[in-house]
Structure formats: C-alpha cells, structure tokens
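See below for the structure under consideration.
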Amino acid sequence: MCLGVPGQVVAIDDAKTARGVVDVGGVRRVANLACVLEGDDPQALVGAWVLIHVGFAMSRIDAEEAARTLDLIKQLGELDDAP
Amino acid sequence: MKYVSEFRDPPAARRLVATIESLMSRRPKTLQGAPLKIMEVCGGHTHAIFKFGLETLLPETIELVHGPGCPVCVLPVGRVDDAISIATSEGVIFCTYGDALRVPGSRTSLAGAKAEGADVRTVYSPTDALALARANPSRRVVFFGLGFETTAPSTALTLLQAEREGVSNFFVFSNHVTIIPALRALLDAEDLQVDGFIGPGHVSMVIGVEPYHFIAEHYRRPFVVSGFEPLDVLQSIAMVVAQHVEGRAVVENQYSRLVSTQGNSAAQTAIHEVFKPRAHFEWRGLGSIAESGLELQPRFARFDAEQAFRVPALSVADPKACQCGEVLKGQLRPYECKVFGTACTPETPIGSCMVSSEGACAAYYSYGRLTSLRRASGLKVHP
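Protein chains in written order, with the working numbering: chain A, 1 to 83; chain B, 84 to 466.
If you want it as structure tokens, here you go:
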C-alpha cells in the first residue's frame with residue numbers, strides 16, 4: 001500500500017472530481033488527480049507523469065530534476081574514474 | 084519503464100558503490116573500522132535494499148538499520164483486535180489494504196475473522212470502499228485507514244467525497260500515523276545509535292523537507308530524503324557518508340524529481356481538513372507517542388468508526404516471544420530475534436514485521452540473505 005508507481009495521464013474521465021486515466025507500465029487505471037491539479041483545468045494534466053499511491057496521484061514527476069539526478073550520478077562516476 | 088529502469092542501471096550502481104568506498108576511506112583514522120550506522124526510516128527502502136541486494140554491495144563498515152516507517156508493522160495488537168471487533172459487527176463490510184489482513188491480533192487476524200465468516204474485503208484504494216458503500220446501502224462499510232502522510236490524503240479526500248455525496252453508511256477506522264513525532268521519539272531514545280538517516284521519499288512528497296530540519300540542527304544527524312530505486316538509495320547513502328566525513332549535518336533532498344521543499348499543499352490541506360492529532364497513539368514495540376496518530380475532526384464524527392461502533396480500545400501487550408520492538412528501534416537485526424524463521428514466518432507470523440512485505444523481518448526472510456548474514460555475524464543458525 002505504500003508503494004508508489006509512476007504513470008502518465010492519458011485522459012480525464014470526470015473533470016468535476018478530477019478523475020483521470022493513467023497509463024502505468026502499459027496498464028490503464030483510474031486515478032484521482034485532485035492533489036496534482038495546478039489551476040482549474042484538469043485537461044492540462046494530460047501527458048504529465050505522476051506518482052500513484054492507492055489510486056491517488058500524489059506528485060508530478062519533474063523530468064528536469066530526474067535528468068539532473070542521473071547526470072549527478074554520472075559525474076560522480078567520472079570523477080572517480082579519473083586517474 | 085520510464086523513471087524506473089534508468090534508476091536501476093548496474094554500471095551506475097557500481098560507480099556509486101566506488102564513490103561510497105572512497106568517501107569511507109576519508110573517515111578520520113580513529114573511526115576507520117568502526118561501523119557507520121545509517122537508518123532507513125521507511126519500509127519501502129528496507130524492501131528495496133533487500134530486493135536489490137544493496138547491503139551486500141556496501142563496505143562492511145556501513146550498517147543499515149531498519150526503522151519504524153512501516154505502518155502495518157507498528158500497528159499494535161489492541162488496534163487489530165478493535166478492527167476485528169468492528170469487522171464482526173452485524174451487517175458490516177470491512178475493507179482493508181491487503182498488507183493488514185494477516186497481522187495477528189490477540190486471538191486471530193482479519194484473515195482469520197474472514198475465515199470464520201466476517202465480511203472482510205481487500206481493497207486497493209479507499210475509493211473502492213466508498214464504491215462498496217454506495218452499492219450496498221443496507222450494509223455499513225468500514226475502511227481501515229492505515230499509513231503515514233503518504234496515504235492519509237487519500238483517506239481524507241475519500242471522506243470529503245462521501246460528505247459531498249451524503250453517503251451515510253461509510254465509516255473510517257483511522258489508524259493513520261505521522262512521521263515527525265515518531266522520529267522525535269526515536270531520537271530521544273537513549274539507546275538509539277544511528278549516525279544518519281535515509282528519509283522517507285513518499286511521506287516527504289506530501290510534507291516536504293522542511294519538517295526534518297530539527298534532526299540536523301538539534302540532533303546533529305545527516306538526513307537525506309531518498310527515492311526508492313537502487314541508484315536513489317545508493318546515492319542517498321553516498322550523500323549521508325559525505326556529510327559524515329565532512330562533519331556536516333544538514334537535510335538534503337536526493338528525490339527532487341518528486342519531492343519539493345514545501346511538499347504537496349493540496350494533500351496537506353486535505354489532511355488538516357479531515358484529521359487532527361490524537362493526544363496519544365500506541366506503536367507496536369515503541370509504546371505510546373504523543374500526537375503521533377490522526378483521528379477524524381468533529382465535523383466528520385458521523386463517519387468515525389470509533390464512535391459508530393462499540394470498540395473495545397484495550398491496550399494489549401505485544402506477544403512475549405516477539406522482539407519487533409527491538410527490531411524497529413534498530414537494536415536487533417531480524418535474524419537475531421529468538422523466533423525469526425522458526426515460530427515466526429510470513430505464513431504464520433507472530434510479529435507484524437514478518438507480515439508486511441515492507442517489514443524488515445519479511446524482507447530478510449523473503450530475499451534469503453540469512454545464511455551469509457548469520458555466518459558473517461558468527462551467529463548459530465536456527466534449526
């Protein structure tokens with residue numbers, strides 16, 4: 001129940017209750033998007049990556065930050081590889 | 084899978100391990116060879132560490148201590164008895180996450196009660212429980228609210244929806260807990276020997292990183308909020324070790340792709356609207372901790388299972404043979420427990436650390452690293 005899974009919002013099911021359809025590793029499931037709305041239009045969420053916990057999206061995944069973390073790990077390795 | 088597989092890259096993991104080794108070699112001479120104890124607070128991290136065998140990659144001097152951040156593991160016997168009492172009440176459909184089904188109460192578990200005829204259903208989400216309430220207006224549907232700040236918003240939003248829809252046969256038995264009072268209680272314990280922390284990524288996604296500052300400032304321990312993939316955990320360990328070597332203690336955020344400084348304000352608002360701190364809440368193995376549990380606000384009293392049902396609310400001592408408390412405080416490794424793997428197994432658990440897939444004991448048991456660990460520690464192998 002504590003495990004979060006990343007998924008991509010593919011459609012908005014019911015804009016009033018912020019219910020959407022999220023693609024999680026190829027499986028489509030319904031999720032509540034109320035906690036990741038920014039502004040009033042749930043449609044703007046289509047295409048966004050989110051983390052799903054017990055049927056609720058609890059955070060958006062920040063693509064730039066993900067890339068930065070991976071870059072940092074790569075740089076650490078390069079420093080260590082240096083003679 | 085995007086945002087998963089790239090954080091499982093083996094060559095990058097090896098580079099991180101090399102970085103950790105080189106950082107450890109920079110410890111002062113007096114500390115070389117002494118163990119550096121790092122507690123991963125969250126059961127999700129414990130699970131990842133064993134699933135991916137991360138502990139075996141690390142220098143021997145790094146000792147990972149498995150903390151109390153598994154909400155199922157800290158559920159005391161008395162609350163399980165209360166849940167069973169509600170579940171066996173007339174006309175009730177009792178909904179629970181699968182993790183809690185086999186947690187032993189003083190006589191039986193929810194799974195046992197189900198076998199004896201109680202209508203206990205496993206749900207994936209609190210919204211499933213609300214849907215059951217709508218579909219069964221003549222029954223009383225109770226949701227077993229479990230978890231830290233990660234799942235509390237989901238329960239809160241479901242209650243808000245039930246209120247909006249005027250659903251009158253839906254109830255919540257709240258056992259939600261909060262992480263900060265638990266960490267404070269741990270840090271105040273005299274017997275806690277932990278040099279730094281790997282912080283819970285998904286709790287932090289909701290509460291942000293600011294609430295942890297007292298740990299660095301007052302208790303002088305490095306605290307790194309971490310993701311759950313192997314590279315996340317290894318990088319976070321490297322960050323804790325770097326702080327230790329440099330004599331620093333600050334809060335850092337390794338999981339910046341999901342965790343912001345302020346956390347999720349919509350989720351926080353939902354928690355505060357629906358819940359308030361209880362004066363005290365009992366934790367298995369840790370005892371009573373002030374303001375560490377969440378109960379429903381008076382506005383939601385009609386949804387509160389503790390008010391709608393006659394709940395025994397007895398404090399029941401943990402089974403004598405069970406050493407979950409010592410395991411949760413990091414004083415005992417799971418395999419050092421007297422009943423580990425013999426009387427207590429995932430099939431017939433005595434303590435809840437063996438039940439939940441995120442419990443330290445279940446992680447040790449499932450991923451079979453016992454023999455080598457026992458050999459390394461010179462312990463006798465149980466029959």
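C-beta atoms are modelled at their ideal positions from N, C-alpha and C, and glycine is treated no differently. Just so you know, these numbers come straight off a predicted model, no measurement behind them.
Would you verify that the beta carbon of residue i is, or is not, closer than 8 angstroms to some beta carbon of chain B?
i	result
residue 55(A)	yes
residue 34(A)	yes
residue 42(A)	no
residue 45(A)	no
residue 74(A)	yes
residue 82(A)	Here the model assigns residue 82(A) a pLDDT of 47, short of 50, so the residue's position is not dependable, and the following value carries that caveat. Output row for residue 82(A): interface = no.
residue 25(A)	yes
residue 71(A)	no
residue 39(A)	no
residue 12(A)	no
residue 9(A)	no
Taking the straight line between their C-alpha atoms, what separation do you get for residue i and residue j?
i	j	result
residue 225(B)	residue 62(A)	36 angstroms
residue 115(B)	residue 140(B)	18 angstroms
residue 64(A)	residue 128(B)	24 angstroms
residue 446(B)	residue 135(B)	11 angstroms
residue 367(B)	residue 160(B)	7 angstroms
residue 103(B)	residue 55(A)	37 angstroms
residue 203(B)	residue 197(B)	6 angstroms
residue 84(B)	residue 34(A)	24 angstroms
residue 436(B)	residue 43(A)	42 angstroms
residue 121(B)	residue 148(B)	6 angstroms
residue 180(B)	residue 74(A)	39 angstroms
residue 258(B)	residue 39(A)	32 angstroms
residue 298(B)	residue 329(B)	17 angstroms
residue 273(B)	residue 267(B)	12 angstroms
residue 350(B)	residue 200(B)	37 angstroms
residue 191(B)	residue 230(B)	22 angstroms
residue 346(B)	residue 307(B)	15 angstroms
residue 245(B)	residue 414(B)	43 angstroms
residue 58(A)	residue 450(B)	29 angstroms
residue 5(A)	residue 37(A)	18 angstroms
residue 339(B)	residue 428(B)	37 angstroms
residue 463(B)	residue 433(B)	For residue 463(B), the predicted model reports a pLDDT of 48, less than 50, meaning its position is unreliable; a value from the coordinates is still stated below. The straight-line gap from Cα to Cα measures roughly 21 angstroms.
residue 426(B)	residue 441(B)	20 angstroms
residue 49(A)	residue 30(A)	14 angstroms
residue 205(B)	residue 212(B)	9 angstroms
Quick check: is the beta carbon of residue i nearer than 8 angstroms to any beta carbon in chain A?
i	result
residue 334(B)	no
residue 86(B)	yes
residue 289(B)	yes
residue 432(B)	no
residue 91(B)	no
residue 141(B)	no
residue 95(B)	yes
residue 174(B)	no
residue 347(B)	yes
residue 397(B)	no
residue 294(B)	no
Could you tell me how far apart the beta carbons of residue i and residue j are, in whole angstroms, since I believe they sit closer than 8 angstroms?
i	j	result
residue 209(B)	residue 251(B)	Not a contact, Cβ separation roughly 17 angstroms.
residue 232(B)	residue 145(B)	Contact doesn't hold; Cβ gap of about 28 angstroms is too wide.
residue 59(B)	residue 170(B)	Chain B is shown from 84 up to 466; residue 59(B) falls before or after that span and cannot be answered.
residue 7(A)	residue 52(A)	5 angstroms
residue 410(B)	residue 443(B)	6 angstroms
residue 265(B)	residue 151(B)	6 angstroms
Runs of 4 residues minimum, wholly inside the stretch 401-441 of chain B: which ones carry the alpha helix (DSSP H) assignment?
407-411
Beta strand (DSSP E) runs wholly inside the stretch 173-228 of chain B, at least 3 long, in chain order
175-179 and 203-205
Do three or more CB pairs link the stretch 364-383 of chain B to the stretch 95-112 of chain B at distances below 8 angstroms?
These segments do not touch.
Any contact between the stretch 382-395 of chain B and the stretch 157-172 of chain B? By contact I mean 3 or more CB pairs, one from each, below 8 angstroms.
Output reads yes: the stretch 157-172 of chain B touches the stretch 382-395 of chain B.
Should the stretch 175-193 of chain B be regarded as contacting the stretch 309-324 of chain B, the criterion being three or more beta carbon pairs within less than 8 angstroms?
no
Which residue spans inside the stretch 302-352 of chain B form an unbroken beta strand (DSSP E) run of at least 3?
306-309 and 334-336
Which runs of the alpha helix (DSSP H) fall wholly inside the stretch 117-164 of chain B and span at least 4 residues, in chain order?
Qualifying alpha helix (DSSP H) stretches, in chain order: 126-134 and 137-140.
In chain order, which continuous runs of the beta strand (DSSP E) of length 3 or greater are located wholly inside the stretch 222-268 of chain B?
Correct list: 223-230 and 253-259.
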